[in-house]
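Per full-length UniProt numbering, the sequence shown runs over residues 1 to 890. Ideal Cβ placement from N, Cα and C applies to all residues, glycine included.
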Amino acid sequence: MAAPLSSLAQCPLAVLRCGSFRDSPLGRSVLSRVTRTLFSQTGVWDKDYRPEIRQKVEQWWHPRIMEQWRKDSLEEADCSKKKFYVLSMFPYPSGRLHMGHVRVYTISDMIGHFQRMRGHQVLNPMGFDAFGLPAENAAIERGLDPEDWTRNNIVSMREQLDSLGLCFNWDREVTTCLPDYYMWTQYLFVKLFEAGLAYQKEAVVNWDPVDQTVLADEQVDESGRSWRSGAVVEQKLLTQWFIKTTNYAKSLLDALADLPEWYGVKAMQANWIGECTGCNFDFKLKVIVTNLVFITCLPTLIEIPLWSQQLLMLKPQCQLDNLSGVFLTFLSSPDSLTDVTAYNLFTGQDLPLVISDKDAFDGYLDAVIGIPDNSEEDLCSARALNLKWSSVLKSNPDGTQTLINSAEFSGLSRTEAFNSITQKARELKVGGHLTSSKLRDWLISRQRYWGTPIPMVHCGSCGPVAVPVKELPITLPKMVSLSGKGASPLEFAHDWVNCKCPRCKGPARRETDTMDTFVDSAWYYFRYTDPRNTQRPFERHLADHWLPVDVYIGGKEHAVMHLYYARFFSHFCRDQGFVTHKEPFRKLLVQGLIKGQTFKRANSGQYLKREEIDFTGEEPVSLSGDKLEITWEKMSKSKHNGLDPQDVVQQYGVDTVRLYILYAAPPEQDILWNVKTDALPGVLRWQSRLWQLVTKLRGARSLGDFPNPSLLKKKEQTEARKIWQNKNYAIQEVTTHFTEDFLFNAGISRLMGLTNTLSSATIRVLHHSVEFEEALAALILMTAPMAPHLASELWNPLSPLLQKGDVLQQPWPTVDPEYLETPDFVELTVLVNNKGCGKVTVPVQVSKDLEAVQRLVLDSELGQTHLSERKVKKVFLSPRTALINFLIDE
1 MAAPLSSLAQ CPLAVLRCGS FRDSPLGRSV LSRVTRTLFS QTGVWDKDYR
51 PEIRQKVEQW WHPRIMEQWR KDSLEEADCS KKKFYVLSMF PYPSGRLHMG
101 HVRVYTISDM IGHFQRMRGH QVLNPMGFDA FGLPAENAAI ERGLDPEDWT
151 RNNIVSMREQ LDSLGLCFNW DREVTTCLPD YYMWTQYLFV KLFEAGLAYQ
201 KEAVVNWDPV DQTVLADEQV DESGRSWRSG AVVEQKLLTQ WFIKTTNYAK
251 SLLDALADLP EWYGVKAMQA NWIGECTGCN FDFKLKVIVT NLVFITCLPT
301 LIEIPLWSQQ LLMLKPQCQL DNLSGVFLTF LSSPDSLTDV TAYNLFTGQD
351 LPLVISDKDA FDGYLDAVIG IPDNSEEDLC SARALNLKWS SVLKSNPDGT
401 QTLINSAEFS GLSRTEAFNS ITQKARELKV GGHLTSSKLR DWLISRQRYW
451 GTPIPMVHCG SCGPVAVPVK ELPITLPKMV SLSGKGASPL EFAHDWVNCK
501 CPRCKGPARR ETDTMDTFVD SAWYYFRYTD PRNTQRPFER HLADHWLPVD
551 VYIGGKEHAV MHLYYARFFS HFCRDQGFVT HKEPFRKLLV QGLIKGQTFK
601 RANSGQYLKR EEIDFTGEEP VSLSGDKLEI TWEKMSKSKH NGLDPQDVVQ
651 QYGVDTVRLY ILYAAPPEQD ILWNVKTDAL PGVLRWQSRL WQLVTKLRGA
701 RSLGDFPNPS LLKKKEQTEA RKIWQNKNYA IQEVTTHFTE DFLFNAGISR
751 LMGLTNTLSS ATIRVLHHSV EFEEALAALI LMTAPMAPHL ASELWNPLSP
801 LLQKGDVLQQ PWPTVDPEYL ETPDFVELTV LVNNKGCGKV TVPVQVSKDL
851 EAVQRLVLDS ELGQTHLSER KVKKVFLSPR TALINFLIDE
């Protein structure tokens, strides 16, 4: 920590600058001719933190903080400090920020400042997820090029982000719609294709009739509606591109065990993947070129009938016109034998293919192998169809089973056979990767213009051929017009579509589907580590230096799809030798929504504007007299409950908004935006109290008083000791909250507690204790990452003249060694509704702090047992005995 203010007493210049001149009538008269009240500009300290002072403080410090961050980032580029990579999910450039953006980026900005103060080399990058349907649809509506629309929105959003004082590493900005980014998305796709992980097949797909494009299963909600347009999804048969993510199911599932808990997201990921008890194999069909088959019991691989559920997922409204005629014959008669056979790559024999009406795998898979040896259902079906098979399992006296009639695998136990067969399948490159029956491959084809072109050409002689890496990027053709009906480059860019085959040089056609935007965002965290590289996606040593991301921050809605795809790409890049780490993110911090209050007519459900509501009474009522339904919902223009971040900042200030967002709720919980609650008035009062503390200390020092502990009486020495204890406890608690559990609201509460302690200090302790000014310095330092403008202004008159740098350039305060060496604890009796239920051990220095003790009890095992499911109405902490009483609803 910086030296105490008492050290300034040794410097005559310090006495002149910090003495009484500036606060004297003459000093105020002279300095007021320049400008009024802002100390950083004039040296005149205003005693009250009024709204106009707040505005001046933020206007003065905003450009200086951002410029200092930029300089520090450039200077630290090659330093040997320990790295810290904080990443917030990049936004879609809609043109306007919403309060959800403000929340996630406030959290990342706060963590970035905090970690730099702790001595880390910090990377806090930003970019734009710029491809996708919204831009294309907006362009259609306005008759604009989606590229122009997107670029204009990016300029607008950058200005908004800067106006919020968010310190990003803008020198590392990436934009997914620019060729210098998406050429490497195409490069990675080519690598997937070369590894056998990208393939094309005809499949029944989810079709959005409004947006005129295919949706992955994950983009269809439980009601069968599109995640974006809300339209009822239809089923179509189209030739689509897939990425074989199922090959990584086991790897992705197992890797979760090595990660810290992610607020329930690990369980969501594990549930999404499913239990990996089976294996995918490729079978050659005489009609359909390749079909993916799920095998639950590998000994049944040889000479067992194959049951196809490929068409089972078709619903009555499906368009069947394009289906192969050979299948149409059997659709109306389930459990019927088809004319199609599946070639067994292990035995060289054909398996009969059956259309089944069974939904054994919940509609997730195309096909499954039937097992007459192991399934009564399959045995009955095989007999009904007069199929022949050879038994491949022999039951042993000890209850185990051994393979028979299975060539080289005969004699092996089921477990041994499982391992041997999967290994051989991988060697033959026909599957063999452990996966689950729930998981499907990632469908990435989109029938839209504004997306990354898939770098493939279709040749009549060679089939699908990847574009050579040296010819990337395949850029989008310039837009001429958009019809609004799912226009693709094929409709208006014939010169772009027609090309030569890279392999045989014969005539070919480019792939006109573009990639799902989730592909672009599945690897952007890599590109941030080396954003200007023109030779490869990123240098391995740079990616290895920064990755994994230390804290990844984003919305709950991306806890499954985006996170799963990003993890897949990272595992793939590791296998390709591009990076060392499998997992891209060490800690995940999911954020809840910011919800606004909605008012709608009870009879019609119509949402009303605030000007249509009378708020003068105890309860809001409609001006028209209609009965209201009042709820809290995600902010939306259509619900008239949204907030423009610029308006909120204009009214309350950047620091106030930041503190409110951090204090109102833990990150993973929703915030109900209500300016009448305790949160907003609370942070406004706290800022004023911080200002008053500096005013008090400046007043004491301006009189020439400097700490002289020998003048303190015993009672005052005890008080100074308590301040010292509370300072160290606050440093310990706040540091823990900011690094481990991310309970920023609890950290702010602890700082408010320290503020209370300092505000109640007696005059003599304020004047003569070193402990007071050291605690105040620590308080301002710990406030700085959250309210950087205010803290910078508060620090300026307090910082020693010989200490260079503003508050954000100071080191984070640390706990005094003496505090750590002499921990004292007390056993506290816990009562619930006046009845004893046990004891909890708490540090003696906080045993009289109601807020701290309450939190420690609630976090304890005893608290979890007796209070976690109860509503606490009141808490009493005895001032004389070690006892706390919780009054709860029965």
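Based on the DSSP output, what are the partners of residue i in its beta bridges?
i: Leu434; result: Cys279
i: Ala466; result: Met456
i: Phe886; result: Val832, Val875
i: Arg510; result: Val457
i: Pro125; result: Asn169
i: Met515; result: Ser445
i: Trp241; result: Gln200
i: Phe825; result: Pro843
i: Gly274; result: According to DSSP, Gly274 bridges with nothing at all.
i: Ser413; result: Thr402
i: Phe772; result: Bridge partners of Phe772: none, in fact.
i: Val551; result: Val86, Lys587
i: Gly838; result: Val830
i: Cys499; result: Ala508
How should residue i be labelled, buried or exposed, when 16 other C-beta atoms within 10 angstroms of its C-beta is the threshold for buried?
i: Gly100; result: buried
i: Ala267; result: exposed
i: Asp258; result: exposed
i: Arg510; result: buried
i: Thr176; result: buried
i: Thr239; result: exposed
i: Arg721; result: exposed
i: Phe90; result: buried
i: Cys276; result: buried
i: Ser878; result: exposed
i: Gln41; result: exposed
i: Arg880; result: exposed
i: Gly625; result: exposed
i: Ser461; result: exposed
Please state the DSSP three-state secondary structure of residue i.
i: Glu539; result: coil
i: Ala791; result: helix
i: Phe742; result: coil
i: Ile371; result: coil
i: Gly805; result: coil
i: Ser847; result: coil
i: Val233; result: coil
i: Pro667; result: coil
i: Leu38; result: coil
i: Trp724; result: helix
i: Arg103; result: helix
i: Phe578; result: coil
i: Ile474; result: coil
Can residue i and residue j be called in contact, C-beta distance under 8 Å?
i: Ala778; j: Ile731; result: yes
i: Val549; j: Phe578; result: no
i: Leu192; j: Ile273; result: no
i: His545; j: Lys83; result: yes
i: Glu773; j: Trp724; result: no
i: Ala679; j: Ala664; result: yes
i: Trp184; j: Arg567; result: no
i: Phe114; j: Pro813; result: no
i: Glu611; j: Ala255; result: no
i: Pro125; j: Phe168; result: yes
i: Glu633; j: Lys595; result: yes
i: Met117; j: Gln810; result: yes
Excluding the 5 residues flanking residue i on each side, which residues of the same chain have their C-beta closer than 6 Å to its C-beta?
i: Trp61; result: His789, Ser792
i: residue 900; result: It is not possible to answer for residue 900, since the shown part of the chain is limited to 1 through 890.
i: Ser88; result: Val104, Tyr105, Ser108, Ile553
Can you name, in chain order, every residue of its own chain whose Cβ lies under 8 Å from the Cβ of residue i, other than the five neighbours on each side?
i: His581; result: Asp544, Leu547, Pro548, Ser570, Arg574
i: Leu628; result: Phe599, Lys600, Arg601, Ala602, Leu608, Ile613, Pro620, Val621, Ser622
i: Ile888; result: Val832, Asn833, Leu867, Arg870, Lys871, Val872, Lys873
Report all residues from its chain with a CB closer than 7 Å to the CB of residue i; omit the five preceding and five following residues, and keep chain order.
i: Phe825; result: Thr841, Val842, Pro843, Val844
i: Tyr660; result: Ala679, Leu680, Val683
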